[in-house]
Amino acid sequence: MKIELEDFHEDIIGKAMRGLGVGKSEMAMRTGSERSDIEAILSGGVNESLICLMADELNLDKDKLLRSARKEWCPALIKVKALKQFNLPFGGMHVNAYLVWDEFTRKAWIFDTGPAAEPINEFIEMKNLEIDAIFLTHTHHDHIACLDDLKQKTRNPPVFVHKLEALVNCNSITEGFKHSCDSLSLEAVHTHGHSIGGTTFLLQRKNENIAFVGDAIFAGSMGGGMISYKGALRTNREKIMTLPEEVILCPGHGPISTIEQEKKNNPFFPEH
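As structure tokens, then:
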């Protein structure tokens, strides 16, 4: 099933403007345009010359941003064995949860729960999986809404979350935390900015490397800098975009991507 991109040019520009504290009137002044022109862009309008001017003011890659405005790019469909993405409706949006498992022992991990336990639990039962642990990239409600229900349905496995977003009856972790189960192993990396305890889980399995990034990065975009836009950009650059190009990225919203595809198509990283 093809999953649509979470963000297009209007969302990307809006996140950058909010993150840098640039209002509509100021952006109009900087670009020699009218406030109404800026509002039109932020509502999804396409004025390519103005988009390029705004990209320069916001340190966004103008060519990548134009591809977003033209809707020319979406990551190629990535199929990974023993990995299931659940794209679950929540209000007016969709949220991702993930299952990954050892094909021989059937031991499995859950990354975020999303808002609905039933689809995940039905898949677990269908595949005869045993949940070893649940890992939370952050604790925004859309990502953990069914945590208690899913824990109960899966025999109360341990739940791991960064200590800055500690939850009752969950295990608090910090950067460098490691966990393994059969062929699965992971390490936690603190990728704050969207949330104070945002965590990326770097999973290794045989010759595969998968990063469960939560809302740190989306395909062609990133989560808003709700705690710190500059901090989010910095940790994304230092801890995610430096990973090998073949690393698979599993975001909290939108389709799965890779480091290679994000270097080529994500407007927030003009250095690539």
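For the sequence shown, the residue numbers in the working numbering are 4 to 275. Think of the CB as a built atom: it goes at the ideal place given N, C-alpha and C, for glycine as much as any other residue.
Cβ shell of residue i (< 7 Å), same chain only, five flanking positions each side left out
{"i": "Asp10", "result": "Phe221, Gly223, Ser224"}
{"i": "Lys67", "result": "Asn268, Asn269, Pro270"}
{"i": "Ile243", "result": "Thr194, Thr203, Ala214, Val216, Ala219, Ile220"}
{"i": "Trp76", "result": "Arg70, Gly223, Asn268"}
{"i": "Thr280", "result": "A query on residue 280 cannot be resolved here, the shown segment of the chain reaching from 4 to 275 and no further."}
{"i": "Glu178", "result": "Ala191, Val192, His193"}
{"i": "Ser42", "result": "Inspection of the sequence shows that residue 42 is occupied by Glu rather than by Ser. Within the same chain, Glu42 has close Cβ partners Lys27."}
For residue i, the nearest candidate out of the options (CA to CA)
{"i": "Gly255", "options": "Thr203, Cys55, Ser188", "result": "Thr203"}
{"i": "Leu61", "options": "Cys173, Lys82, Ala31", "result": "Ala31"}
{"i": "Ile127", "options": "Ile259, Ala111, Ile81, Arg73", "result": "Ala111"}
{"i": "Leu150", "options": "Val171, Leu132, Ala191, Asn131", "result": "Val171"}
{"i": "His146", "options": "Lys267, Ile243, Leu187, His97", "result": "His97"}
{"i": "Ala19", "options": "Gly95, Lys242, Ala235, His275", "result": "Ala235"}
{"i": "Phe215", "options": "Lys87, Asp59, Val83, Thr140", "result": "Thr140"}
{"i": "Ala148", "options": "Lys266, Asn124, Pro118", "result": "Pro118"}
{"i": "Gly24", "options": "Asn239, Gly257, Lys233, Lys209", "result": "Lys233"}
{"i": "His144", "options": "Glu241, Leu8, Met129, Gly94", "result": "Gly94"}
{"i": "Lys87", "options": "Lys74, Met129, Ile41, His275", "result": "Met129"}
{"i": "Gln155", "options": "His165, Thr142, Ile123, Glu42", "result": "Ile123"}
{"i": "Lys74", "options": "Val83, Gly47, Asp59", "result": "Gly47"}
Close beta carbons around residue i, own chain, < 8 Å, minus the five adjacent residues each side
{"i": "Ile44", "result": "His12, Glu13, Ile16, Asn50, Leu53, Ile54, Met57"}
{"i": "Phe180", "result": "Phe163, Glu190, Ala191"}
{"i": "Thr142", "result": "Val164, Glu168, Leu170, Ser198, Gly200"}
{"i": "Ser188", "result": "Lys181, His182, Leu206, Gln207, Arg208"}
Residues near residue i in its chain [Cβ-Cβ closer than 6 Å; skip 5 each side]
{"i": "Gln264", "result": "Pro78"}
{"i": "Asp64", "result": "Pro270, Pro273"}
{"i": "Glu248", "result": "Ile262, Glu263"}
{"i": "Ser28", "result": "Arg38"}
{"i": "Met229", "result": "His197"}
{"i": "Ile259", "result": "Ile81, Cys253"}
{"i": "Gly22", "result": "Gly228, Tyr232"}
{"i": "Asn131", "result": "Arg109"}
{"i": "His275", "result": "Lys266"}
Residue i vs residue j beta-carbon contact at 8 Å
{"i": "Thr116", "j": "Ile134", "result": "no"}
{"i": "Ile213", "j": "Ile251", "result": "yes"}
{"i": "His195", "j": "Asp218", "result": "no"}
{"i": "Glu106", "j": "Ala85", "result": "yes"}
{"i": "Val103", "j": "Leu206", "result": "yes"}
{"i": "Lys5", "j": "Leu80", "result": "yes"}
{"i": "Phe114", "j": "Phe138", "result": "yes"}
{"i": "Ala120", "j": "Asp152", "result": "yes"}
{"i": "Lys209", "j": "Ser183", "result": "no"}
{"i": "Gly257", "j": "Leu8", "result": "yes"}
{"i": "Asn174", "j": "Pro160", "result": "no"}
Limits of the beta strand (DSSP E) - the one that residue i falls within
{"i": "Lys181", "result": "181-184"}
{"i": "Glu281", "result": "For residue 281 there is no data in the structure shown, the boundaries of the chain being 4 and 275."}
{"i": "Ala92", "result": "Here residue 92 is Pro; the residue named in the question, Ala, does not match the sequence. Pro92 -> beta strand (DSSP E) spans 86-93."}
{"i": "Pro118", "result": "Per DSSP, Pro118 belongs to no beta strand (DSSP E) and is neither H nor E."}
{"i": "Ala136", "result": "133-138"}
{"i": "Met96", "result": "96-104"}
{"i": "His256", "result": "That residue, His256, is in no beta strand (DSSP E); it is neither H nor E in DSSP."}
{"i": "Lys233", "result": "No beta strand (DSSP E) holds Lys233; the alpha helix (DSSP H) holding it covers 232-238."}
{"i": "Ala214", "result": "211-217"}
{"i": "Ile54", "result": "Unbroken run through Ile54 is the alpha helix (DSSP H), 51-61; no beta strand (DSSP E)."}
{"i": "Ser175", "result": "174-176"}
{"i": "Ser111", "result": "The sequence as given places Ala at residue 111; Ser does not occur at that position. Its beta strand (DSSP E) spans residues 110-114."}
Run of the alpha helix (DSSP H) containing residue i, from where it starts to where it stops
{"i": "His146", "result": "144-147"}
{"i": "Thr202", "result": "From DSSP, Thr202 is part of no alpha helix (DSSP H) but of the beta strand (DSSP E) over 202-208."}
{"i": "Glu265", "result": "262-268"}
{"i": "Lys156", "result": "150-156"}
{"i": "Ile3", "result": "Because residue 3 is not part of the residues shown, which for the chain are 4 to 275, the question remains open."}
{"i": "Lys67", "result": "65-72"}
{"i": "Lys82", "result": "Neither: Lys82 is in no alpha helix (DSSP H) and is coded neither H nor E."}
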